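Residue numbers (our numbering): 13 to 389.
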């Protein structure tokens, strides 16, 4: 029988990511084998459920295919091993906080005083390991919105924006040291960048590894602080950033500029800049993928006899051939007149929907001629 991971965690199918996390945390505390009354089999089961529901892409495939979704070609079965999770308990949270692709730092971090290293994500946090296995702090990401017109989205453009943000000090290069002075080994952590603390919890005596607050995880400190930034290595200032907006970008799509987010003190890694494009609509033009759709109104005689008419395209005015016997609603294709395909040299097509205009009033002579031709039309 297929497993119901929602039932295992005791949540509804529409539960939010935060509710999934809370449910797992509560059950993991209750059934961990090292706790009195713990249940190893149950702990393994709830861990398996969280590896799926705690990952948005795996959860989506589970909702579609059920517990056997790994057999649909969408998952390689590389979820966290339940023994790895238990070992993280026993070791007091040593490691980078990720097991099998799932971040456990913010779930169990309160147990171990911040011993897990959680990924920075869209705000701030820790970006993994730096020199000598030390954790490196990561700056906050920034998101800005840029408005462009329809043709700029089709062919690409550039924008220059101004941002006020924390940036690396241009005097000390971000290390907080006064030019000409030296960096010296941190006496607090003996150059390790981390300090080990012991604490007692309901699971027993735990050792946690925390970032050294004296050197901020670097293992060294400036012998003389930079006068320009006060030793922080960063300053708040206004900078200009030139953004290249690629051809083919669609409304709401986001461009990521790595390292253009907020800088962090003491030599950490800067966050990223996310630019969301807002495309102003162009009257008479509708976009579907890389194709363009517009309409052209013609009269009855043009539809019957055929003609050449001028229409507006992204490249300006062009002649459109109306074939004889064109029907109302018929689509005429202009090859290669659409949107430039993102990352490719080609373009989509422009489709013109023909609408036949029927006059409300006609002269007596025209009416007589139409009546004569009634049986032929």
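All C-beta atoms in this analysis are idealised placements derived from N, C-alpha and C, irrespective of residue type, glycine included.
Every value quoted in this text rests on a predicted model; they were computed, and no experiment measured them.
- Between the stretch 240 to 254 and the stretch 200 to 213 there are fewer than three inter-stretch CB-CB distances shorter than 8 Å, so the stretches are not counted as touching.
- Checking the DSSP bridge columns, you'll see residue 290 partnered with 159.
- Residue pairing by DSSP places residue 247 opposite 179 in a beta bridge.
- Taking a contact to require three or more Cβ pairs closer than 8 Å, the stretch 305 to 315 and the stretch 260 to 279 do not qualify as touching.
- With respect to residue 186, residue 243 sits apart: the two C-beta atoms are not nearer than 8 Å.
- Around the CB of residue 282, 16 or more other CB atoms lie within 10 Å, so the residue is classed as buried.
- Counted as a single uninterrupted DSSP element, the alpha helix (DSSP H) harbouring residue 317 occupies residues 312 to 317.
- For residue 381, the enclosing alpha helix (DSSP H) starts and ends at 376 to 384.
- Distance from the CA of residue 262 to the CA of residue 21, rounded to the nearest whole angstrom, comes to 39 Å.
- The three-state reading of DSSP puts residue 57 in helix, counting H, G and I together.
- Look at the beta carbons and you see the stretch 313 to 328 not touching the stretch 183 to 202: under three pairs across the two are nearer than 8 Å.
- Between the stretch 153 to 166 and the stretch 221 to 237 there are fewer than three inter-stretch CB-CB distances shorter than 8 Å, so the stretches are not counted as touching.
- Rounded to whole angstroms, the separation of the alpha carbons of residue 238 and residue 193 is 9 Å.
- Straight-line measurement puts the Cα of residue 189 at about 11 Å from the Cα of residue 232.
- By the neighbour-count criterion, in which 16 or more other beta carbons inside 10 Å mark a residue as buried, residue 351 falls on the buried side.
- The criterion of a C-beta distance shorter than 8 Å is not satisfied by residue 361 and residue 382.
- In the DSSP secondary-structure assignment, residue 303 is bridged to 300.
- Looking at 320, 71 and 171, the one whose alpha-carbon comes closest to that of residue 338 is 320.
- Taking 8 Å as the cut-off, the Cβ atoms of residue 210 and residue 217 count as close.
- Excluding sequence positions up to five before and after residue 179, its CB lies within less than 7 Å of the CB of 246, 247, 249, 251 and 275, all in the same chain and listed in chain order.
- According to the DSSP secondary-structure assignment, residue 223 is paired through a beta bridge with 206.
- Distances from the CA of residue 259 to each of 167, 71, 54 and 363 were compared; the closest alpha carbon is that of 167.
- Annotation for residue 292: 159, 160, 161 and 162 place their beta carbon closer than 8 Å to its own, counting only its chain and skipping 5 residues before and after.
- The C-alpha of residue 279 lies about 28 Å from the C-alpha of residue 266.
- Here the alpha carbons of residue 48 and residue 29 stand approximately 29 Å from one another.
- Secondary structure note for residue 272: it is in no beta strand (DSSP E), with a DSSP letter that is neither H nor E.
- When secondary structure is reduced to three states using DSSP, residue 308 falls in the strand class.
- For residue 346, the secondary structure class from DSSP, reduced to helix, strand or coil, is strand.
- Ranking 197, 289 and 212 by CA distance to the CA of residue 171 puts 289 first.
- Following the DSSP letters along the chain, one finds residue 23 in no alpha helix (DSSP H), marked with neither H nor E.
- DSSP places residue 32 in the helix class (H, G or I) of the three-state scheme.
- For residue 362, the uninterrupted beta strand (DSSP E) run begins and ends at 362 to 369, by DSSP.
- In the three-state DSSP reduction, residue 152 falls in the coil class, being neither helix nor strand.
- Minimum Cα-Cα distance from residue 309 among the listed residues 301, 234 and 332 corresponds to 332.
- The Cβ neighbour count for residue 44, taken over all protein chains shown within 10 Å, is at least 16; the residue is labelled buried.
- The Cβ atoms of residue 36 and residue 17 lie no closer than 8 Å to each other.
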